[in-house]
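Residue numbers (this note's numbering): 719 to 834.
Idealized CB from N, CA, C, for every residue including glycine.
Small disclaimer: the values here were computed from a predicted structure and weren't measured.
Comments concern the structure below.
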């Protein structure tokens, strides 16, 4: 369960950090925000797939095997990026982080029950 806590903390930290960077880089443009939100949704779906792959293969927190280029950006970081791109306010960042934590719990619980 310790690995899940680390994933949750990483998800929240990545969401907040990337949201702060996004606010400094990208202007508030409605058409650009729509495109960024669509990209964020795609990245969020990809993060859920990464979470499933990581749990199914029982990978360590810092393993690069679930990504094609061998990076150490695990599913929590990818999910944090998706949340930050989708969110338009701090409330949405926090709500997205709570949903992400829920997904982590559900995926890890499902695969722990399957292995035991």
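Secondary structure of residue i, DSSP reduced to three states
{"i": "residue 727", "result": "helix"}
{"i": "residue 778", "result": "coil"}
{"i": "residue 784", "result": "Bear in mind that a pLDDT of 48 at residue 784, under 50, signals an unreliable position, so the number given afterwards is only what the model happens to contain. Residue 784 falls in the coil class under three-state DSSP."}
{"i": "residue 817", "result": "helix"}
{"i": "residue 739", "result": "helix"}
{"i": "residue 722", "result": "helix"}
{"i": "residue 807", "result": "coil"}
{"i": "residue 744", "result": "coil"}
Terminal residues of the alpha helix (DSSP H) in which residue i lies
{"i": "residue 751", "result": "748-774"}
{"i": "residue 793", "result": "793-804"}
Option in the options with minimal Cα separation from residue i
{"i": "residue 802", "options": "727, 724 and 739", "result": "739"}
{"i": "residue 822", "options": "774, 757, 734 and 750", "result": "774"}
{"i": "residue 796", "options": "777, 810 and 759", "result": "759"}
{"i": "residue 808", "options": "753, 776, 767 and 735", "result": "735"}
{"i": "residue 828", "options": "748, 793, 769 and 804", "result": "769"}
{"i": "residue 748", "options": "722, 815, 804 and 817", "result": "804"}
{"i": "residue 731", "options": "806, 779, 794 and 771", "result": "794"}
{"i": "residue 729", "options": "831, 753, 812 and 754", "result": "812"}
{"i": "residue 816", "options": "726, 720, 721 and 722", "result": "726"}
{"i": "residue 724", "options": "792, 824 and 831", "result": "792"}
{"i": "residue 830", "options": "767, 776 and 810", "result": "776"}
Environment of residue i [buried if 16+ CB atoms lie within 10 Å]
{"i": "residue 741", "result": "exposed"}
{"i": "residue 819", "result": "buried"}
{"i": "residue 799", "result": "buried"}
Residue i: CB within 7 angstroms of a non-hydrogen atom of the ligand NAD
{"i": "residue 751", "result": "For the ligand NAD, the structure offers nothing, since it holds no ligand at all."}
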